[in-house]
Amino acid sequence: MGMDRKPLLLILVSGIVLIWSLTASAGAPAEPSPATGAHSWWFWPLLLFIVTFVMGVLAVLGGVGGGVLFVPIISGFFPFHLDFVRGAGLLVALSGALAAGPGLLKMNLASLRLAIPVALIASTCAIVGAMIGLALPTHIVQISLGATIIGICILMLTAKKSTFPDVPQADRLSSTLRIYGVYQEGSTGQIIDWKIHRTPLGLLLFIVIGVMAGMFGLGAGWANVPVLNLIMGAPLKISVATSKFLLSITDTSAAWIYMNKGCVIPMMVVPSLVGIMLGSFVGVHLLKIAKPTFIRWMVITILGFSGVRALMKGLGI
Amino acid sequence: MSEASERSLKATPEQLRYARVLEIGMLIGLIILLVTFAIYTFGIMKPYIPLEDLPRFWSMNVDDYLHQANIQNGWAWVGFLAYGDFINFIGVAVLAGVTIVCYLSIVPVLVKNKDGIYAVLAVLEALVLFLAASGVISGGH
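Keeping their order, the protein sequence lines are chains A and B. The opening position of the first sequence corresponds to residue 2 in my numbering, with each subsequent residue numbered one higher. The opening position of the second sequence corresponds to residue 74 in my numbering, with each subsequent residue numbered one higher.
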């Protein structure tokens, strides 16, 4: 999915300014604090920016959301506490969705009618998930996160996608809510009429998705797309676009819980946000020449490794 | 392509309204965030937590961080806007709040189109997000 150029140019300039400001404000080498060992304070935010930039590139090439990469990788390999990583992760996923949302809505690939009832359930449950996640001991969240990430890897390896699912008849709920649409398939020019079914089941699954998104600070694209596409029968492009847009609503509710709790450190949030958005911009341009299958395997491997690391951290190994 | 297909390929009025409001809000939030971050990191405004002390705090859990830094949670950050680190919360709040504005903006369109169910759903969603933003609901140890 292409991204609007206006915020992307802004991000490109801000990325340059960010690196400049972080290195310029470092000034004379500070005395390293015990928490960072031999590193000055700016080392980790700068590394965060670089790593999230790479994540943004890989996320686009591997067809995954930046949010699902951020929390496991940053919590596994950086000295930041999981509370702040989840807060930053939600804001990162939210920002990506906010940037992509307008274009997807205008192109009528994201469906507001499909998103609104789903988002109400998911965002309410994301609040519950955030409250649970902040109340549980950190090691329990780490173990659960590790197990969930490994589950996501399995899902990514095994889940099939259906470009145009067969939906014989729209169900009563989707008919009442008038959840259907038309879009033009870019590659063939074909006009596709779409409708959905199994709407009650889909909405129930979004309860679980919402809780998990809030609890772990992950974007929920890894779960949204299979439910919209394979369970409810929305075409793959509509599912991917609507999922991306949905994140802007689901993650908003959870992000506010984390923000009001105090789990936002600007020196973590801004470099992450700029890094991922800049990386996504570059990733879109590299998409033409990259081998997506290889990148996807690499992303799944990195995620799996991060999931195991989160498990080990939680178990104190 | 038939005229009927051409009409239905276009996004609905409420969808276009949502997209416009979202785009404007997102750009405003992003610009504010980048400007305030530059002010923060260039030391134009003194931060509440000195930059060199950050590593001590970001490895703590949030309760210890708030206690040791003597910061209240919720919307207390508004009282700290004289500090370079806390002004970044303005941009974060705009980005996190734009969705509420989007939902409220489509309610008149939905009502005008006699789409009562979706008008109610949009109001409910705005309420849920407002509740989350208000700080009334909190999580924690």
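Built from N, CA and C at the ideal position, the CB exists for glycine as well. All values reported here derive from a predicted model rather than from experimental measurement.
The C-beta of N225/A comes no closer than 8 Å to any C-beta of chain B. Against chain A, a Cβ distance below 7 Å from A192/B picks out nothing, because the smallest value is about 10 Å. Against chain B, the beta carbon of Q191/A has no neighbour under 9 Å; the closest one sits roughly 11 Å away.
For P267/A, the closest Cβ of chain B is nearer than 8 Å. At a beta-carbon threshold of 7 Å, the residues of chain B lying near S96/A are L168, ordered along the chain. Going by beta carbons, M268/A and L127/B fall inside the 8 Å limit.
For K119/B, the closest of D136/B, L89/B, A84/B and F159/B by C-alpha to C-alpha distance is F159/B.
In terms of beta-carbon proximity, V151/B stays away from the interface with chain A, with every pair separated by 8 Å or more. When Cβ-Cβ separations below 8 Å define contact, F71/A makes no contact with chain B. Distance check between R114/A and each of G315/A, T253/A, F306/A and S240/A places S240/A closest, using alpha-carbon atoms only. One alpha carbon belongs to Y176/B, the other to L100/B, and they sit about 17 Å apart. A Cβ-Cβ distance of about 20 Å is found for the pair A195/B and I210/B, leaving them out of contact under the 8 Å criterion. The beta-bridge partner set that DSSP reports for Y184/A consists of I193/A.
The beta-carbon of H140/A is placed no less than 8 Å from the nearest beta-carbon of chain B.
In this structure I153/A does not touch V212/A by the C-beta definition: roughly 15 Å separates them, more than the 8 Å allowed. Judged by DSSP secondary structure, G102/B falls within the alpha helix (DSSP H) whose first and last residues are P86 to T114. Distances from the alpha-carbon of S145/A to those of S281/A, A214/A and V265/A put A214/A closest. At the C-beta level, G308/A and Q143/A stay beyond 8 Å of one another. Taking a contact as a CB-CB distance under 8 Å, the pair S124/A and L197/B does not count as one, their CB atoms being some 10 Å apart.
Within the segment 234-318 of chain A, the runs of alpha helix (DSSP H) that reach at least 4 residues and sit entirely inside it are, in chain order, 237-262, 267-287 and 293-316. By the rule that beta-carbons nearer than 8 Å mark a contact, T253/A touches chain B.
About 6 Å separates the beta carbon of W45/A from that of P80/A, a gap short enough to meet the 8 Å contact definition.
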